[in-house]
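2 protein chains.
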Amino acid sequence: MSRERHLAYMTVDLVILTVRGGKLQVVLVRRGKPPFEGQLALPGGYLEGEETLDETALRELREETGLDGTRLHLEQLHTYSDPKRDPRGRVITTAYLALVPELERLVAGSDACEALLMPVDDALSGDLLAFDHSMILRDARERARWKLEYTTVAAAFCKEPFTVSDLRRVYEVIWGFELDPSNFRRKVTKMDGFLEATGQVTDSRRGRPAALYRRGPAELLTLPLLRARTRRL
Amino acid sequence: MSRERHLAYMTVDLVILTVRGGKLQVVLVRRGKPPFEGQLALPGGYLEGEETLDETALRELREETGLDGTRLHLEQLHTYSDPKRDPRGRVITTAYLALVPELERLVAGSDACEALLMPVDDALSGDLLAFDHSMILRDARERARWKLEYTTVAAAFCKEPFTVSDLRRVYEVIWGFELDPSNFRRKVTKMDGFLEATGQVTDSRRGRPAALYRRGPAELLTLPLLRARTRRL
DNA sequence: TCAAAAGTGTTCTACTTACACCCATGC
DNA sequence: GCATGGGTGTAAGTAGAACACTTTTGA
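Just so you know, the protein sequences line up as chains U and D, in that order.
Taking our numbering, the leading residue of the first sequence gets 1, the next gets one more, and so forth.
Taking our numbering, the leading residue of the second sequence gets 1001, the next gets one more, and so forth.
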């Protein structure tokens, strides 16, 4: 039995998604040193000192984008451990998913010489990304789609305050089809805790001004599904 | 800047859940050596050699229960990285969730002197478990409840072939309330790909014999939710 | 024949869908 | 006025909840 207890390097990779120009986009960096020098990759870095992975993710997010992850949707996705995933040796990475409303600045990190925003579809076409980052990005997009279906995270893509149409456009971009504006509005406004009215309206450029909302406290979209006869046992 | 790249030991901890005696139960081991000697803990072990975490989880599951994880529901849950979570030093663990229909045998692992099944509620009352395993178990139960709501994993708790009532009892135990048998049956049988009829029936002990089913190929429970006007963009 | 569990039918209600229509603004 | 997007009303269809009722077995 080769019962060697393996010491491994731990890294965190970030999938930072945003909606821009009618497309779901991801933050990528061009690697400034080997391995995969010059290729595109997800931003990330080593776990340092006494950090938790969450803290590493927050630090990397700040270094890369200047954003404060504590006020954003930032969640752990999955841990990737294929021994061949990094040619340098045993490097295990935990991927985090960040959903951000906008990106004011993109800051190049220490081992990146360039940070950029790219449509997810483009990033996944061909074999563009370093390491196993194509797989990670695919998993992240799946998770985002799934979460939109069952939770209120779509609002995490909207800069507050936002309109019902802003929110609807997020769903349309990520799901790839149009939603009926009137029915969509009824559903999200009637759902308890999804949206909070600010009382303000947009100063419209075209058409009637739209009411402005903030994110509400609700996180899950409730649905009856298999439930019936909800008598407590 | 203390930019030391941290080497860490990686472990895998298993949350093996099953439904027995009308309760959700979890497999625990009594630790045979320090730290936390004599206390209860989730079964787990070190990542070894060139294993992936998935392979470690499969190996541990087989060692602990004799079960073949490739034929069960086994999924990665979350990675826990608090630097103080293990008094021995920096040990990062990835938790896996296994849903099993039954446990024929429980095999004590190398650093465990005893493996046992315990109701999840009991395991979480007080501060029974070693390390951060109470938190892991709580997270696992949350994930299981959530997955029952949106996927067909409930069937993973049922030994094939099973009846609609067997399946319903799983939901009732995990959600904590009764479901209407007739409406439940209609929903799960009408849902495409959830159940596959075997054509067989139980040899009933009481009442009319029940039709027997196998798990179908479907994994997600489809629901319209926010969707309307599904015209492709 | 009775009890018990499986399974079907039926009514009422609530929600979804599709779409007509009104509202408020800029030009 | 007219175009544009915001927002409401509503009729038809669908799906869930509740529960009465039938079926099939063991005792």
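Note that CB positions come from ideal geometry on N, CA and C, so glycine has one too.
Range of the contiguous alpha helix (DSSP H) that encloses residue i
{"i": "V1120 (chain D)", "result": "V1120 to L1124"}
{"i": "R1169 (chain D)", "result": "V1164 to W1175"}
{"i": "L1143 (chain D)", "result": "In the sequence as presented, Leu is not what sits at residue 1143 (chain D); that position holds Arg. Looking at the DSSP string, the run of the alpha helix (DSSP H) that includes R1143 (chain D) is H1133 to Y1150."}
{"i": "S204 (chain U)", "result": "Run containing S204 (chain U): none; DSSP gives neither H nor E here."}
{"i": "V188 (chain U)", "result": "P181 to K190"}
Alpha-carbon to alpha-carbon, residue j and residue i
{"i": "L58 (chain U)", "j": "D68 (chain U)", "result": "7 Å"}
{"i": "D1139 (chain D)", "j": "V26 (chain U)", "result": "29 Å"}
{"i": "P43 (chain U)", "j": "L128 (chain U)", "result": "14 Å"}
{"i": "T18 (chain U)", "j": "E178 (chain U)", "result": "19 Å"}
{"i": "S81 (chain U)", "j": "S125 (chain U)", "result": "24 Å"}
{"i": "D1121 (chain D)", "j": "L1137 (chain D)", "result": "10 Å"}
{"i": "V1015 (chain D)", "j": "A1130 (chain D)", "result": "14 Å"}
{"i": "L1047 (chain D)", "j": "L1117 (chain D)", "result": "24 Å"}
{"i": "Q200 (chain U)", "j": "P209 (chain U)", "result": "10 Å"}
{"i": "L61 (chain U)", "j": "G45 (chain U)", "result": "10 Å"}
{"i": "G1022 (chain D)", "j": "V1173 (chain D)", "result": "6 Å"}
{"i": "A1144 (chain D)", "j": "Y1213 (chain D)", "result": "22 Å"}
{"i": "A108 (chain U)", "j": "T1070 (chain D)", "result": "Confidence at A108 (chain U) is low in this model, with a pLDDT of 44, below 50, so the placement of that residue is unreliable and no value is reported for it."}
{"i": "Y96 (chain U)", "j": "F157 (chain U)", "result": "16 Å"}
{"i": "W175 (chain U)", "j": "G1032 (chain D)", "result": "51 Å"}
{"i": "E149 (chain U)", "j": "D1132 (chain D)", "result": "31 Å"}
{"i": "E1064 (chain D)", "j": "D1013 (chain D)", "result": "11 Å"}
{"i": "R1141 (chain D)", "j": "G207 (chain U)", "result": "49 Å"}
{"i": "R20 (chain U)", "j": "R186 (chain U)", "result": "25 Å"}
{"i": "A112 (chain U)", "j": "M1191 (chain D)", "result": "Bear in mind that the predicted position of A112 (chain U) carries a pLDDT of just 46, short of 50, making it too unreliable to give a figure here."}
{"i": "F1184 (chain D)", "j": "E37 (chain U)", "result": "56 Å"}
{"i": "D180 (chain U)", "j": "D1180 (chain D)", "result": "34 Å"}
{"i": "T202 (chain U)", "j": "S182 (chain U)", "result": "18 Å"}
{"i": "P1087 (chain D)", "j": "P87 (chain U)", "result": "32 Å"}
Neighbour list for residue i in chain D, Cβ cutoff strictly below 9 Å
{"i": "H73 (chain U)", "result": "Simply none; closest approach about 16 Å."}
Partners in chain D for residue i, counting only beta-carbon separations shorter than 7 Å
{"i": "Y150 (chain U)", "result": "Y1150"}
{"i": "H133 (chain U)", "result": "Neighbours of H133 (chain U) on chain D: none; closest Cβ ~17 Å, over 7 Å."}
{"i": "Q76 (chain U)", "result": "H1078 and T1079"}
Nearest-angstrom beta carbon gap, residue j and residue i [assumed within contact, 8 Å]
{"i": "E102 (chain U)", "j": "V29 (chain U)", "result": "About 19 Å; that fails the 8 Å criterion."}
{"i": "G1193 (chain D)", "j": "A1211 (chain D)", "result": "So it is not a contact: roughly 17 Å between Cβ atoms."}
{"i": "A1154 (chain D)", "j": "V1164 (chain D)", "result": "About 11 Å separates the two Cβ atoms, so there is no contact after all."}
{"i": "L1221 (chain D)", "j": "T1152 (chain D)", "result": "7 Å"}
Terminal residues of the beta strand (DSSP E) in which residue i lies
{"i": "T1198 (chain D)", "result": "L1195 to V1201"}
{"i": "E75 (chain U)", "result": "H73 to Y80"}
{"i": "T1052 (chain D)", "result": "Looking at the DSSP string, T1052 (chain D) is not in any beta strand (DSSP E), and its letter there is neither H nor E."}
{"i": "R215 (chain U)", "result": "A211 to R215"}
{"i": "V1091 (chain D)", "result": "V1091 to L1099"}
{"i": "M1010 (chain D)", "result": "L1007 to R1020"}
{"i": "K23 (chain U)", "result": "K23 to R31"}
{"i": "G44 (chain U)", "result": "G44 to Y46"}
Reference residue i; option with closest CA among the options
{"i": "E75 (chain U)", "options": "U:D82, U:P87 and U:A98", "result": "U:A98"}
{"i": "T1011 (chain D)", "options": "D:K1147, D:E1037 and D:E1055", "result": "D:E1055"}
{"i": "L1167 (chain D)", "options": "D:G1216, D:R1062 and D:F1036", "result": "D:G1216"}
{"i": "V1100 (chain D)", "options": "D:P1083, D:G1066 and D:A1130", "result": "D:G1066"}
{"i": "T94 (chain U)", "options": "U:T151, U:I174, U:V164 and U:Y9", "result": "U:Y9"}
{"i": "E1196 (chain D)", "options": "D:T1202, D:S1182, D:V1173 and D:E1160", "result": "D:E1160"}
{"i": "A123 (chain U)", "options": "U:L40, U:F184 and U:Y150", "result": "U:L40"}
{"i": "E1050 (chain D)", "options": "U:P34, U:L72 and U:R85", "result": "U:R85"}
{"i": "L7 (chain U)", "options": "U:T70, U:G89 and U:K33", "result": "U:G89"}
{"i": "W146 (chain U)", "options": "U:K187, U:L77 and U:S182", "result": "U:L77"}
{"i": "V91 (chain U)", "options": "U:E63, U:P35, U:E142 and U:E64", "result": "U:P35"}
{"i": "T1198 (chain D)", "options": "D:R1206, D:T1189 and D:R1205", "result": "D:T1189"}
{"i": "F162 (chain U)", "options": "U:D180, U:S204 and U:T52", "result": "U:S204"}
{"i": "T52 (chain U)", "options": "D:E1149, D:P1083 and D:K1187", "result": "D:P1083"}
{"i": "M1135 (chain D)", "options": "D:T1079, D:T1202 and D:G1038", "result": "D:T1079"}
{"i": "L24 (chain U)", "options": "U:P119, U:P87 and U:P181", "result": "U:P119"}
Cross-chain neighbours of residue i in chain D, by beta carbon under 8 Å
{"i": "L53 (chain U)", "result": "T1079, S1081 and I1092"}
Contact list for residue i against chain U, beta-carbon separation under 7 Å
{"i": "M1010 (chain D)", "result": "H6, A8 and I92"}
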